[in-house]
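Here the sequence shown stands for residues 35 to 643, numbered as in the working numbering.
We put the beta carbon where it would ideally sit given N, CA and C, even for glycine.
Before any comments, here is the structure.
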Amino acid sequence: MCGIVGAIADRDVVPVLIDGLKRLEYRGYDSAGIALVDGSDVRRVRRTGRVSEMEAAAQAEGVRASLGIGHTRWATHGGVTEANAHPHISHGVALVHNGIIENHEQQRERLQQLGYAFESQTDTEVIAHLIHHYLKGGQDLLGALQCTVKELHGAYALAVISRKEPGRMVVARMGCPLLIGLGEGENFVASDVSAIVQYTRRVIFLEEGDTAEISREGVRVFGADDAPVQREEHLSDVSLASLELGPYRHFMQKEIHEQPRAIADTLEAIIDASAFEPALFGKDTDEVLAGVEGVQILACGTSFYAGSVARYWIEAISGLPCSVEIASEYRYRKAVANPKQLIVTISQSGETLDTMEALKYARSLGHDKTLSICNVPESAIPRASRLVFYTRAGAEIGVASTKAFTTQLVGLFALAATLAKLHGRLDADKEGEYIEALRHLPGSIQHALNLEPQIALWAERFAPRDHALFLGRGVHYPIALEGALKLKEISYIHAEAYPAGELKHGPLALVDAAMPVVVIAPNDSLLEKVKSNMQEVRARGGELFVFTDADSNFNESEGVHVIRTPRHVGVLSPIVHTIPVQLLAYHTALSRGTDVDKPRNLAKAVTVE
Ligand code: HGA
Numbered sequence: 035m036c037g038i039v040g041a042i043a044d045r046d047v048v049p050v051l052i053d054g055l056k057r058l059e060y061r062g063y064d065s066a067g068i069a070l071v072d073g074s075d076v077r078r079v080r081r082t083g084r085v086s087e088m089e090a091a092a093q094a095e096g097v098r099a100s101l102g103i104g105h106t107r108w109a110t111h112g113g114v115t116e117a118n119a120h121p122h123i124s125h126g127v128a129l130v131h132n133g134i135i136e137n138h139e140q141q142r143e144r145l146q147q148l149g150y151a152f153e154s155q156t157d158t159e160v161i162a163h164l165i166h167h168y169l170k171g172g173q174d175l176l177g178a179l180q181c182t183v184k185e186l187h188g189a190y191a192l193a194v195i196s197r198k199e200p201g202r203m204v205v206a207r208m209g210c211p212l213l214i215g216l217g218e219g220e221n222f223v224a225s226d227v228s229a230i231v232q233y234t235r236r237v238i239f240l241e242e243g244d245t246a247e248i249s250r251e252g253v254r255v256f257g258a259d260d261a262p263v264q265r266e267e268h269l270s271d272v273s274l275a276s277l278e279l280g281p282y283r284h285f286m287q288k289e290i291h292e293q294p295r296a297i298a299d300t301l302e303a304i305i306d307a308s309a310f311e312p313a314l315f316g317k318d319t320d321e322v323l324a325g326v327e328g329v330q331i332l333a334c335g336t337s338f339y340a341g342s343v344a345r346y347w348i349e350a351i352s353g354l355p356c357s358v359e360i361a362s363e364y365r366y367r368k369a370v371a372n373p374k375q376l377i378v379t380i381s382q383s384g385e386t387l388d389t390m391e392a393l394k395y396a397r398s399l400g401h402d403k404t405l406s407i408c409n410v411p412e413s414a415i416p417r418a419s420r421l422v423f424y425t426r427a428g429a430e431i432g433v434a435s436t437k438a439f440t441t442q443l444v445g446l447f448a449l450a451a452t453l454a455k456l457h458g459r460l461d462a463d464k465e466g467e468y469i470e471a472l473r474h475l476p477g478s479i480q481h482a483l484n485l486e487p488q489i490a491l492w493a494e495r496f497a498p499r500d501h502a503l504f505l506g507r508g509v510h511y512p513i514a515l516e517g518a519l520k521l522k523e524i525s526y527i528h529a530e531a532y533p534a535g536e537l538k539h540g541p542l543a544l545v546d547a548a549m550p551v552v553v554i555a556p557n558d559s560l561l562e563k564v565k566s567n568m569q570e571v572r573a574r575g576g577e578l579f580v581f582t583d584a585d586s587n588f589n590e591s592e593g594v595h596v597i598r599t600p601r602h603v604g605v606l607s608p609i610v611h612t613i614p615v616q617l618l619a620y621h622t623a624l625s626r627g628t629d630v631d632k633p634r635n636l637a638k639a640v641t642v643e
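Set out below in structure tokens:
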């Protein structure tokens, strides 16, 4: 999704802006631009395509300045054109915007009647004109921004500069993340700390409705009522190394290989305590989880599949009923509230708009027991939840989520076990057995990663195909879904996943020699059933690619290819079986020559609807 960076300094900020935008590229975008206050003028450079193209244009124009803002745009309103790229300018006021202004049409009409001419089709341009309108009415830049945001419906993170005010930048946040970076004699703004972490780690996270004024010397923050407020300063622990590629070809490959470490870090508190302590989820856990009668999980995309695995675990281990729903569906339906249910939201970025809105909707229905599973500290969703489990996957740059998914699964497993313990359904032996299994998990993941060369050979056979089917049963069905999603996202092969038992109810009609069928077939109680489903495929000439465990009793034969993950790891098996489907998608995309880390049309941190 869109990215914002801004800086005010003594030095030339153009390299700071370009470097920041490059670090935001992973979020997915289609155009980029910067605007600078240069003397009493505002200069702007915009290009569709990559930041490097905009950088070359900026170099050719020789722009330099000590105050500027930059943006990577992922179009929501208006096509991918230079005229629609940010920054947008109105009479010397330049701004960048992340989010969507829902009442932009009414504002556009009103501003046109006031004489403003529009140059773009975006929803954003109304904000620039509105700010100018209030400046003309006698407000200063901050006051004009504060008046403007009161007229906007929707979501925004904004950074604004004016040719008349070379000593400051003003910013605002509602529904989209924005933070201020505090330097020495220079200050920054960004939608994501990775854009500025090379200059400072001291950050202030703006809260909903905040505005702020940023000069070289300092920062003043104002709450939704425009009164000055103090916001805590944090020290970001995002490491520069996590933002660099190192020896890998792609961030996705790096992040797949980081999973043993990411899982070990996420497990640290559990392993140290050798127990599932309620404190894993925050201070009020006992109070929030006491009397919970069921669990409702809300999430999108890969996180939804993590929730779907958790449903099997929560019902089997804790005995509590659990349902999982896509956040964008839940938020728009008349849901029946049960305040004794625990609402669990899952989001890598903690900013996923649909998930945030689903959480707000659940709260409006009277749900007070809320817990989030997130990877980004201090992001909006955990702040709006009473309990939180932070995964410690580190920065995830590849658009296709990998280590965030497996670490979410770890957090969700801990939740299932904790709920079981609080409900008297987990005895000390079972708890010890689970802790032991978790202790060995990073090692089992490493063994699965060692299968990469074999999986890369399979990928060669997948690369020329147009379609693929993925099958799984029980707790491995969501892993089939995740495998199909990964393949679609980065290789653009059409892939569908079904519970293996559903095959004969429809998808079997698609099976012929041209349809590869991937089967997640671990050595569990459903293996014999899955074997029967595989026979159904073979009988129609379908080619099977089976991921099973070292100890399961079946062999390769004509049209049946088998890769064995380590011995069956019991209840944690879905986590281990995720690795081969990630590697299959990655190597297939590599063979097809797609842009693995920035797949077409997709974006990271989905902060728009
Ligand atoms: N609505 C604006 C910004 C889009 C955005 O935030 N994308 O992530 C536009 O379309 O330009």
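Task: Tyr500 versus Ala548: straight-line alpha-carbon distance, rounded - done: If you number the sequence shown from 1, residue 500 lands on position 466. If you number the sequence shown from 1, residue 548 lands on position 514. The identity of residue 500 in the sequence shown is Asp, whereas the question assumes Tyr. Taking the straight line from one Cα to the other gives about 9 Å.
Task: Inter-residue CB distance, Leu101 and Pro200 (contact presumed, cutoff 8 Å) - done: Within the sequence shown, residue 101 is the residue found at index 67, counting from 1. Within the sequence shown, residue 200 is the residue found at index 166, counting from 1. At roughly 6 Å, the Cβ-Cβ gap stays under 8 Å, so Leu101 and Pro200 are in contact.
Open item on the list: Would you say the beta carbon of Arg107 is closer than 6 Å to some non-hydrogen atom of the ligand HGA?
Closed with: Mapped onto the sequence shown, residue 107 falls at position 73. True, at least one ligand heavy atom lies under 6 Å from that Cβ.
- [ ] Report yes if the C-beta of Ile18 is less than 6 Å from at least one heavy atom of the ligand HGA; otherwise report no.
- [x] The question about residue 18 has no answer here: the residues shown for the chain are numbered 35 through 643.
Open item on the list: Buried or exposed, going by whether 16 or more other CB atoms sit within 10 Å of the CB of Ala644?
Closed with: Within the shown structure, residues of the chain are numbered from 35 to 643, placing residue 644 beyond reach of any answer.
Task: Integer Cβ distance of Leu70 from Val48, believed to fall under 8 Å - done: Translated into the one-based positions of the sequence shown, residue 70 becomes position 36. Translated into the one-based positions of the sequence shown, residue 48 becomes position 14. Going by Cβ atoms, the distance from Leu70 to Val48 rounds to 7 Å, so yes, they are a contact pair.
Task: Counted within 10 angstroms of its Cβ, other Cβ atoms place Tyr366 as buried (16 or more) or exposed - done: Here the question's residue 366 lines up with position 332 in the sequence shown. Tyr366 comes out exposed.
TODO: Run the proximity test for Gly133: is its beta-carbon closer than 6 Å to any non-hydrogen atom belonging to the ligand HGA?
DONE: Within the sequence shown, numbered from 1, the residue matching residue 133 stands at position 99. Yes.
- [ ] Measure the Cβ-Cβ separation of Arg98 and Asp46 and say whether it is below 7 Å.
- [x] Mapped onto the sequence shown, residue 98 falls at position 64. Mapped onto the sequence shown, residue 46 falls at position 12. Taking 7 Å as the Cβ cut-off, Arg98 and Asp46 qualify as a contacting pair.
Task: Whether Glu302 touches Lys437 by CB criterion (7 Å) - done: Taking the first residue of the sequence shown as position 1, residue 302 is located at position 268. Taking the first residue of the sequence shown as position 1, residue 437 is located at position 403. Cβ atoms of Glu302 and Lys437: not closer than 7 Å.
Open item on the list: Can you check which of these residues, Pro608, Ile597, Gly219 and Ile195, is closest to Leu443 by C-alpha distance?
Closed with: As a first step, residue 443 is located in the sequence shown; it is residue number 409 there, counting from the start. For Leu443, the nearest C-alpha among the options comes from Pro608.
Task: Length-filtered (4 minimum) alpha helix (DSSP H) runs lying within the region 505-540 - done: 511-525
Open item on the list: Contact between the region 238-246 and the region 60-77 is defined here as three or more beta-carbon pairs at a separation below 8 Å; is this criterion met?
Closed with: no
- [ ] Just confirm the distance between the C-beta atoms of Ile331 and Ile297, as a whole number of angstroms; I'd bet it's less than 8 Å.
- [x] Locating residue 331 in the sequence shown gives position 297, counting from the first residue. Locating residue 297 in the sequence shown gives position 263, counting from the first residue. The pair is not a contact, with the Cβ atoms about 20 Å apart (cut-off 8 Å).
Open item on the list: Looking only at its chain, what residues have a beta carbon closer than 8 Å to the beta carbon of Trp347, apart from the 5 residues adjacent to it on each side?
Closed with: As a first step, residue 347 is located in the sequence shown; it is residue number 313 there, counting from the start. Hits under 8 Å: Leu446, Phe447, Ala450, Val509 and Val605.
Open item on the list: Distance check for Pro211 and Ala414, CA to CA, integer angstroms please.
Closed with: For the purposes of this step, residue 414 is taken as the residue at position 380 of the sequence shown. For the purposes of this step, residue 211 is taken as the residue at position 177 of the sequence shown. Rounded to the nearest angstrom, the two C-alpha atoms are 8 Å apart.
Open item on the list: Closer than 8 Å is the cut-off here; do at least three beta carbon pairs connect the region 346-362 with the region 404-413?
Closed with: no
Open item on the list: Looking at the strands, I want to know which residues DSSP matches up with Thr622.
Closed with: The count along the sequence shown starts at 1 and reaches residue 622 at position 588. Paired residue(s): none; Thr622 is not in a bridge.
TODO: Kindly list the residues whose CB is nearer than 6 Å to the CB of His111, restricted to its own chain and excluding five residues on each side of it in sequence; keep chain order.
DONE: Stepping through the sequence shown from its first residue, residue 111 is reached at position 77. Here the set comprises Thr156 and Asp157.
TODO: Could you pull the start and end residues of the beta strand (DSSP E) that Asp546 belongs to?
DONE: The residue given as residue 546 occupies position 512 in the sequence shown. Here Asp546 belongs to no beta strand (DSSP E), and DSSP marks it neither H nor E.
Task: Beta-carbon spacing of His611, Ile524 below 7 Å - done: On the sequence shown, position 577 is the one that residue 611 refers to. On the sequence shown, position 490 is the one that residue 524 refers to. Contact flag unset, no.
Open item on the list: Can you tell me which residues form a DSSP beta bridge with Arg236?
Closed with: As a position in the sequence shown, residue 236 is number 202, starting the count at 1. In DSSP, Arg236 forms a bridge with Leu269.
Open item on the list: Looking at Ala361: is its Cβ nearer than 7 Å to the Cβ of Cys334?
Closed with: Mapped onto the sequence shown, residue 361 falls at position 327. Mapped onto the sequence shown, residue 334 falls at position 300. For Ala361 and Cys334, yes; Cβs fall inside 7 Å.
Open item on the list: Can you look up Phe222 in the DSSP assignment and give me helix, strand or coil?
Closed with: Position 188 of the sequence shown holds residue 222. In this structure, Phe222 counts as strand in the three-state DSSP scheme.
Open item on the list: Assuming Gln375 is part of the beta strand (DSSP E), what are its boundary residues?
Closed with: Working through the sequence shown from its first residue, we reach residue 375 at position 341. Element bounds for Gln375: Gln375 to Ser381.
- [ ] Leaving aside the five residues before and after Val594 along the sequence, list all residues of the same chain whose C-beta is less than 6 Å from its C-beta, in chain order.
- [x] By one-based count along the sequence shown, residue 594 stands at place 560. Leu578, listed in sequence order.
Open item on the list: According to DSSP, Arg80 sits in a beta bridge with which residue or residues?
Closed with: Reading the sequence shown from its first residue, position 46 is the one you call residue 80. For Arg80, which the question treats as bridged, DSSP gives the partners Gly67.
- [ ] Give a yes or no on whether the C-beta atoms belonging to Pro294 and Ile489 are separated by under 7 Å.
- [x] Along the sequence shown, one-based indexing puts residue 294 at 260. Along the sequence shown, one-based indexing puts residue 489 at 455. Cβ distance not < 7 Å, so Pro294 and Ile489 don't count as in contact.
- [ ] May I ask whether a heavy atom of the ligand HGA can be found less than 6 Å away from the beta carbon of Cys408?
- [x] Here residue 408 corresponds to residue number 374 of the sequence shown, with the count starting at 1. No, Cβ of Cys408 sits at least 6 Å from all heavy atoms of the ligand HGA.
Open item on the list: the ligand HGA and Cys334: does the residue's C-beta get closer than 6 Å to at least one heavy atom of that ligand?
Closed with: Your numbering for residue 334 matches position 300 in the sequence shown. For the ligand HGA, not one heavy atom lies less than 6 Å from the Cβ of Cys334.
TODO: Confirm the yes/no value for this check: CB of Asp157, any heavy atom of the ligand HGA, distance under 6 Å.
DONE: Within the sequence shown, numbered from 1, the residue matching residue 157 stands at position 123. Yes.
Task: Of the listed residues Met568, Glu116 and Ser74, nearest to Arg84 (C-alpha basis) - done: The residue you call residue 84 lines up with position 50 of the sequence shown. Arg84 has its Cα closest to that of Glu116, out of Met568, Glu116 and Ser74.
TODO: May I ask you to report which of helix, strand or coil DSSP gives His650?
DONE: Since the first residue of the chain shown is 35 and the last is 643, residue 650 is not available in this structure.
Open item on the list: Can you look up Ile415 in the DSSP assignment and give me helix, strand or coil?
Closed with: Here the question's residue 415 lines up with position 381 in the sequence shown. Looking at Ile415 - three-state DSSP - the assignment turns out to be helix.
Open item on the list: Please classify Lys170 as buried or exposed, where buried requires at least 16 other C-beta atoms within 10 Å of its C-beta.
Closed with: Start at 1 with the first residue of the sequence shown, and residue 170 comes out as number 136. Result: exposed.
- [ ] Kindly list the residues whose CB is nearer than 6 Å to the CB of Ala128, restricted to its own chain and excluding five residues on each side of it in sequence; keep chain order.
- [x] Here residue 128 refers to the residue found at position 94 of the sequence shown. Counting only Cβ-Cβ distances below 6 Å, and skipping sequence neighbours, we find Ala69, Val76, Pro121 and Ile195.
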